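Here's the structure we're looking at; comments come further down.
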Amino acid sequence: MTKYHFVGIKGAGMSSLAQIIHDLGYDVQGSDIEQYVFTEIALKNKGIKILPFSADNITEDLTVIVGNAFKDTHEEVQKAHELNLKVIRYHDFLGEVINEYTSVAVTGAHGKTSTTGLLSHVMNGDKKTSFLIGDGTGMGLPQSEYFAFEACEYRRHFLSYSPDYAIITNIDFDHPDYFADVEDVVNAFQGMANNVKKAIIAWGDDPHVKDIKVDIPVYYYGFDSSMDIYADNIEVTEKGTAFDVYVKGAYYDHFISPQYGDHNILNALAVLAIAFMENLDTSNIKDALITFGGVKRRFNEIFTKNQVLVDDYAHHPREISATIESARKKYPNKEVVAVFQPHTFSRTKTFLQEFANVLNEADAVYLCDIFGSIRENAGELTIHDLLDLVDNGQLISESTVEALVKHENAVILFMGAGDIQKVLKAYLEKIGVEHSF
Numbered sequence: 015m016t017k018y019h020f021v022g023i024k025g026a027g028m029s030s031l032a033q034i035i036h037d038l039g040y041d042v043q044g045s046d047i048e049q050y051v052f053t054e055i056a057l058k059n060k061g062i063k064i065l066p067f068s069a070d071n072i073t074e075d076l077t078v079i080v081g082n083a084f085k086d087t088h089e090e091v092q093k094a095h096e097l098n099l100k101v102i103r104y105h106d107f108l109g110e111v112i113n114e115y116t117s118v119a120v121t122g123a124h125g126k127t128s129t130t131g132l133l134s135h136v137m138n139g140d141k142k143t144s145f146l147i148g149d150g151t152g153m154g155l156p157q158s159e160y161f162a163f164e165a166c167e168y169r170r171h172f173l174s175y176s177p178d179y180a181i182i183t184n185i186d187f188d189h190p191d192y193f194a195d196v197e198d199v200v201n202a203f204q205g206m207a208n209n210v211k212k213a214i215i216a217w218g219d220d221p222h223v224k225d226i227k228v229d230i231p232v233y234y235y236g237f238d239s240s241m242d243i244y245a246d247n248i249e250v251t252e253k254g255t256a257f258d259v260y261v262k263g264a265y266y267d268h269f270i271s272p273q274y275g276d277h278n279i280l281n282a283l284a285v286l287a288i289a290f291m292e293n294l295d296t297s298n299i300k301d302a303l304i305t306f307g308g309v310k311r312r313f314n315e316i317f318t319k320n321q322v323l324v325d326d327y328a329h330h331p332r333e334i335s336a337t338i339e340s341a342r343k344k345y346p347n348k349e350v351v352a353v354f355q356p357h358t359f360s361r362t363k364t365f366l367q368e369f370a371n372v373l374n375e376a377d378a379v380y381l382c383d384i385f386g387s388i389r390e391n392a393g394e395l396t397i398h399d400l401l402d403l404v405d406n407g408q409l410i411s412e413s414t415v416e417a418l419v420k421h422e423n424a425v426i427l428f429m430g431a432g433d434i435q436k437v438l439k440a441y442l443e444k445i446g447v448e449h450s451f
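If you're matching positions, the sequence shown starts at 15 in my numbering and goes up one per residue.
Structure (structure tokens):
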């Protein structure tokens, strides 16, 4: 039996994939930085060994899976090549795994993780579905018919996959450290779409999605009755959002999602389109939808006396706007406070004004220093460049979190893809609330 070693096992996709391979009965271990990352909880719960990076980790009996953030010059990768071991990149290995199933790729600039989490949860309400979600969770269910997975456009990694279906939530300019412009992004998505075997389900109001041309059926979803799949009679209630779904003009059924915000209805429509096309049991699908608990770091709530603290991965202007909208709809009588940590200098520079515009939709704004990345840890601008464009904004850090106490009846959104959770944890300590992440 092959033993798999994952280089960079705490990466969100790598963590998920390691769990899947472990669940399927293989021997799995991995290595990473010693600093805490939230993905390690699920790995440790499954008994998967996590080692500090070291060339000594690499031995003769291993197949080595390498995270996309790590170059061939990494000490473990070099050692693996010296020993003539099989070395395979994350996206290439995932491409091999999905071919064993009826696979559904979820891609798009925004909403991938939430939609993949919802898809896997809803499909498992009726059929065994293995899944890989970009929040660091994955499960390989023996005898699965389906495989739902998140497919990332960064560096065109999703070109390694040939799924049966693809959901395209949207196409937008992000990852400015790699993509030249939005046309470059559209080109990447066109390449991905060319690999899909059966059908594409795409958000019909996205102008760039309409530029994608393929020889397989494309089903557009949205709120307009001209769409192939659309929602109507939408009602926001204390339980969530209720709506009717129509497919090709014919009534499908009435559904209730426990979530709020237009983007969550759109995600549900994409998932329900897959359920419809695969003839899954509608009653089971309805029951599963209403019990969806969300995914990690996507509007995860912590309730205190009068404040609701939200941990959210939003790191692009459109994602921040969607998170603020969800807060407004779910808590119409509360002040909405944004605590935001920009992620990467190139993204902050590219979208500086857009970040300011969407943050100004909140009632109050607090900014943390820019978080770099493995690929990019310095830049020309600073957080003050964004602060200058924000209405009544102020800086915040782990040592100044007491500033949030004055927002007595508020939903406070801690948003970012870096280590914004440090600020949230510091605030929880300040107000004496215990919470484990």
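Beta carbons are placed, not taken as given, at the ideal position from N, Cα and C, and that holds for glycine. These numbers come from a predicted model, not from an experiment.
With a CB to CB cut of under 7 Å and the five nearest residues on each side skipped, what residues in its chain are close to residue i?
i	result
Q355	C382, F385, G430, G432 and I434
T10	Beyond the ends of the chain as shown, which are 15 and 451, falls residue 10; an answer cannot be given.
K344	Y274
T251	none
D195	F187
Quick one: what's got a C-beta closer than 6 Å to residue i's C-beta in the same chain, skipping five residues either side?
i	result
L38	G154
F428	D325, V353, I434 and L438
I397	L381, D383 and I384
V261	I243 and F290
A440	E412 and V415
N374	D405
Between the options, which lies nearest to residue i when the distance is taken from Cα to Cα?
i	options	result
I23	V80, E349, M15 and L133	V80
A424	Y235, S413 and A352	A352
Y234	L438, F163, A216 and N278	A216
Q36	I182, G152, S117 and Q49	The amino acid at residue 36 is misidentified as Gln; the sequence shows His. Nearest of I182, G152, S117 and Q49 to H36, Cα basis: G152.
K253	I243, Y274 and A123	Y274
Y380	D191, D402, E394 and S360	D402
H277	V228, K224, P156 and A123	A123
E110	F161, K141, L132 and V91	F161
P66	H19, K100 and L99	H19
L99	D75, E89, D41 and L132	D75
F193	L442, S360 and V415	S360
H222	Q204, Y115 and K212	Q204
V228	D219, A245, A207 and V447	A207
Y168	H449, D326, S450 and D198	D198
D242	K224, F257, G218 and D225	G218
G307	S271, D326, A328 and V259	S271
F84	L286, D70, I47 and T77	I47
N113	V309, S158, V136 and P346	S158
P346	V322, F365, A328 and T364	V322
I338	F365, F369, N320 and T318	F369
N406	F317, F52, K60 and D377	D377
P156	H357, T143 and H421	T143
L442	T183, V51, P190 and K319	K319
I182	D191, A202, H189 and D195	A202
L366	S340, E375 and H330	H330
R342	F313, L303 and D186	F313
A328	Y244, D301, K444 and D188	D188
K363	E394, K348 and E349	E394
K348	G150, G263 and I426	I426
E90	S68, L97 and Y104	S68
M137	E315, L294, A284 and L400	L294
G263	N59, N184, A245 and I226	A245
What distance in whole Å lies between the Cβ atoms of residue j and residue i, which are believed to be in contact at a cut-off of 8 Å?
i	j	result
S30	L146	4 Å
Y93	I72	Per the sequence shown, residue 93 should be read as Lys rather than Tyr. Yes, they are in contact, since the Cβ atoms of K93 and I72 sit about 4 Å apart, within 8 Å.
S128	N281	6 Å
G139	N298	5 Å
I288	L133	7 Å
I55	V42	Rounded, the Cβ-Cβ distance is 16 Å, inconsistent with contact.
Y179	K141	Not quite, the Cβ-Cβ distance comes to about 14 Å (not below 8 Å), so this is no contact.
K310	F52	7 Å
A302	H88	Actually they are not in contact, since the Cβ atoms of A302 and H88 sit about 41 Å apart, beyond 8 Å.
D191	T358	7 Å
N82	Y104	5 Å
For residue i, I'd like the list of residues in its chain whose CB is within less than 8 Å of its CB, leaving aside the five on either flank, ordered along the chain.
i	result
L1	With the chain represented from 15 up to 451, any question about residue 1 goes unanswered, as that position is not in the structure.
H95	D86 and V101
K17	Y40, D41, V42, Q43, D75, L76 and T77
G148	A26, G27, S30, K126, T127, T130, E164 and C166
Y115	S144, S158, E159, Y160 and F161
Inset, instruction - Would you list, in sequence order, the uninterrupted alpha helix (DSSP H) runs of no fewer than 4 residues that lie entirely inside the region 20 to 61? - result: 26 to 37 and 54 to 59
Inset, instruction - Evaluate the contact criterion for the region 167 to 183 versus the region 110 to 128: three or more CB pairs, one atom per stretch, below 8 Å. - result: yes
Inset, instruction - Decide yes or no for the touch test of the region 406 to 415 against the region 322 to 338: beta carbon pairs closer than 8 Å, at least 3 of them. - result: no
Legend entry - 4 or more residues per run - each alpha helix (DSSP H) lying fully within the region 88 to 139: 89 to 96, 104 to 112 and 126 to 138
Legend entry - 3 or more residues per run - each beta strand (DSSP E) lying fully within the region 306 to 369: 314 to 317, 322 to 326 and 349 to 354
Legend entry - In chain order, each alpha helix (DSSP H) run of at least 4 residues that lies wholly inside the region 255 to 308: 276 to 291 and 296 to 304
Legend entry - Unbroken stretches of the beta strand (DSSP E), 3 residues or longer, contained in the region 164 to 243: 179 to 182, 213 to 217 and 232 to 236
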